[in-house]
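Asker: This structure is in structure tokens; I'll ask about it shortly.
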Amino acid sequence: MIPFNAPPVVGTELDFMRSALGSGKLCGDGDFTRRCQSWLEQRFGSPRALLTPSGTASLEMAAILLDIKPGDEVIMPSYTFVSTANAFVLRGAIIVFVDIRPDTMNMDEQLIEAAITDKTRAIVPVHYAGIACEMDTIMALAQRYGLAVIEDAAQGVMAQYRGKPLGTIGHIGCYSFHETKNYTAGGEGGATMINDPALIDRAEIIREKGTNRSQFFRGQADKYTWRDIGSSYLMADLQAAYLWGQLEAAEAINRRRLSLWGRYREQLQPLADAGRIELPTVAEGCVQNGHMFYLKLRDFTERSAFITHMKAADILTVFHYIPLHDSPAGLRFGRFNGEDRFTTRESERLVRLPLFYNLSDAQQYQVIDAINRFFSRSSD
Ligand SMILES: *Cc1c(COP(=O)(O)O)cnc(C)c1O
50 MIPFNAPPVV GTELDFMRSA LGSGKLCGDG DFTRRCQSWL EQRFGSPRAL
100 LTPSGTASLE MAAILLDIKP GDEVIMPSYT FVSTANAFVL RGAIIVFVDI
150 RPDTMNMDEQ LIEAAITDKT RAIVPVHYAG IACEMDTIMA LAQRYGLAVI
200 EDAAQGVMAQ YRGKPLGTIG HIGCYSFHET KNYTAGGEGG ATMINDPALI
250 DRAEIIREKG TNRSQFFRGQ ADKYTWRDIG SSYLMADLQA AYLWGQLEAA
300 EAINRRRLSL WGRYREQLQP LADAGRIELP TVAEGCVQNG HMFYLKLRDF
350 TERSAFITHM KAADILTVFH YIPLHDSPAG LRFGRFNGED RFTTRESERL
400 VRLPLFYNLS DAQQYQVIDA INRFFSRSSD
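Counting from 1 along the sequence shown, just add 49 to a position and that's the residue number in the numbering used here.
Structure representation (structure tokens):
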């Protein structure tokens, strides 16, 4: 059976975890956490990276940090993971969904302005498949209306928009190190990139249960006390040790994923040329990270037949987000601004192919052969 995903393993993780075990400190903010954070700061050019337990926790931290309050409105796509919305709903915000662009599945930047009201506080672009949203337009709008931008860059680690790493363009960027993402902290993990230096001190306090413990440990305070609301948004150092193995191999992981992505693209191009499928496009000015390869089929029915056919060939392919706006919670906590031209229609015909670091060439060719068989059979 070829799984849809397997957690990335490069081979060094256990050594680093053993070294963490020998260090006498496994809780948050240990040596490996510091190493990973400086790597993220230097590599991506952000003033502060903070490891967290998950991408979800990073988004929650961002919502607290921006003081999102009941009744505030937050603009985002409906085609996203629940955590993008939940983080703000937990603060009492109302989610205002806008439609996506069919070419990238990202929020359509041209539709954001019409969704802004005097209650709007933030825009949350989601870089789907590690392919960037149109950030110049989004940042200019945010500046004009005095809004915060939180990038959901869960899928965007190592990808770029006009030379800038995703997750470092908005005021805050959120990464995920879940095992389905490009790099993992042993299953779960995340990072909050604090790109606006004015937010750093409070971000550290919120992450440390509302105390100034981080400053205390740096010798910047002679005791630590309760300063603000907060929670525990630290990653255990044992997990950071796993992540360190992955970040050290970040180039190799990225190269492998891009090569798998490129092979799907090249091998499936004939089917696209024949009008049988649509393939993902990388928007101009974007450098992607091989996070995801998807196909678009004719419609929901053809997609179901495709998934069944692939399963019979022992290959797991999966559909993706069910739009949030007409889900039970989406109806309660949000509203869709404008017309749903693409969100529902495009999400119903998209299917994701296996793409992970340890997928072998032979396995990938099996996937490609099975896809070709599906289309040769259904054209008979
Ligand atoms: C994975 C993901 C998240 C959540 O990250 P976790 O680390 O699983 O909590 C949020 N948003 C998007 C777009 C994601 O893909």
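C-beta atoms are modelled at their ideal positions from N, C-alpha and C, and glycine is treated no differently.
The structure presented is a predicted model; accordingly, all values stated were derived computationally and were not measured.
Does DSSP put K272 in a helix, in a strand, or in coil?
Answerer: Start at 1 with the first residue of the sequence shown, and residue 272 comes out as number 223. Residue state, collapsed to three classes: coil.
Asker: Distance cutoff 7 Å, beta carbons only. Does W293 sit that close to anything in chain C?
Answerer: Any reference to chain C falls outside this structure, which holds one protein chain only.
Asker: Examine ligand 1 and report whether any of its heavy atoms sits within less than 6 Å of the Cβ of Q295.
Answerer: Position 246 of the sequence shown, counted from the first residue, corresponds to residue 295. No, the Cβ of Q295 stays beyond 6 Å of every heavy atom of ligand 1.
Asker: Return the first residue and the last residue of the alpha helix (DSSP H) that D167 is part of.
Answerer: Here residue 167 refers to the residue found at position 118 of the sequence shown. Per DSSP, D167 belongs to no alpha helix (DSSP H) and is neither H nor E.
Asker: Distance, Cα to Cα, N386 vs A163?
Answerer: Here residue 386 corresponds to residue number 337 of the sequence shown, with the count starting at 1. Here residue 163 corresponds to residue number 114 of the sequence shown, with the count starting at 1. N386 and A163: Cα-Cα distance of roughly 8 Å.
Asker: Helix, strand or coil for Q209? Go by DSSP, reduced to three states.
Answerer: For this step, residue 209 is matched to residue 160 along the sequence shown. Q209 falls in the strand class under three-state DSSP.
Asker: Touching or not, the stretch 183-191 and the stretch 124-137, by the rule of three or more beta carbon pairs under 8 Å?
Answerer: Short answer: they don't touch.
Asker: For G79, name the three-state secondary structure that DSSP assigns.
Answerer: Within the sequence shown, numbered from 1, the residue matching residue 79 stands at position 30. Here G79 sits in coil by DSSP.
Asker: Where does D245 fall in DSSP's three states?
Answerer: Numbered from 1 along the sequence shown, position 196 holds the residue referred to as residue 245. It is coil, neither helix nor strand.
Asker: If you follow the alpha helix (DSSP H) that G259 is in, where does it begin and where does it stop?
Answerer: Here residue 259 refers to the residue found at position 210 when the sequence shown is read from its first residue. Note, G259: premise wrong, no alpha helix (DSSP H); not H, not E.
Asker: At a cut-off of 6 Å, would you count H220 as near ligand 1, judging by its Cβ distance to the nearest heavy atom?
Answerer: In the sequence shown, residue 220 corresponds to position 171, counting from 1. Flag unset: Cβ of H220 not near ligand 1.
Asker: Ligand 1 and T357: does the residue's C-beta get closer than 6 Å to at least one heavy atom of that ligand?
Answerer: To locate residue 357, count along the sequence shown from 1; it is residue 308. No; taking the cut-off as 6 Å, the Cβ of T357 has no heavy atom of ligand 1 nearer than that.
Asker: For A240, list the residues DSSP reports as bridge partners.
Answerer: Here residue 240 refers to the residue found at position 191 of the sequence shown. A240 pairs with L100, Y224.
Asker: For the alpha helix (DSSP H) containing M27, list its first residue and its last residue.
Answerer: With the chain represented from 50 up to 429, any question about residue 27 goes unanswered, as that position is not in the structure.
Asker: I need the boundaries of the alpha helix (DSSP H) containing A486, first residue and last residue.
Answerer: Because the chain here runs from 50 to 429, residue 486 falls outside it and cannot be looked at.
Asker: Determine the closest residue to G236 out of E397, T101, G379, with distance taken between C-alpha atoms.
Answerer: Against the sequence shown, residue 236 aligns to sequence position 187. That would be T101, whose Cα lies nearest to the Cα of G236.
Asker: Go ahead and pull the three-state DSSP assignment for F385.
Answerer: On the sequence shown, position 336 is the one that residue 385 refers to. Residue state, collapsed to three classes: strand.
Asker: Which one or two residues does DSSP pair with R401 in a beta bridge?
Answerer: As a first step, residue 401 must be located in the sequence shown, where it is residue number 352. R401 pairs with Y343, V367.
Asker: Taking only three categories from DSSP, how would you classify F146?
Answerer: The residue given as residue 146 occupies position 97 in the sequence shown. Strand at F146.
Asker: Consult DSSP for D286 and reduce its assignment to one of helix, strand or coil.
Answerer: Reading the sequence shown from its first residue, position 237 is the one you call residue 286. Looking at D286 - three-state DSSP - the assignment turns out to be helix.
Asker: Could you tell me the alpha carbon to alpha carbon distance between L380 and L139, rounded to whole angstroms?
Answerer: Reading the sequence shown from its first residue, position 331 is the one you call residue 380. Reading the sequence shown from its first residue, position 90 is the one you call residue 139. Looking at the two C-alpha atoms, the distance is approximately 15 Å.
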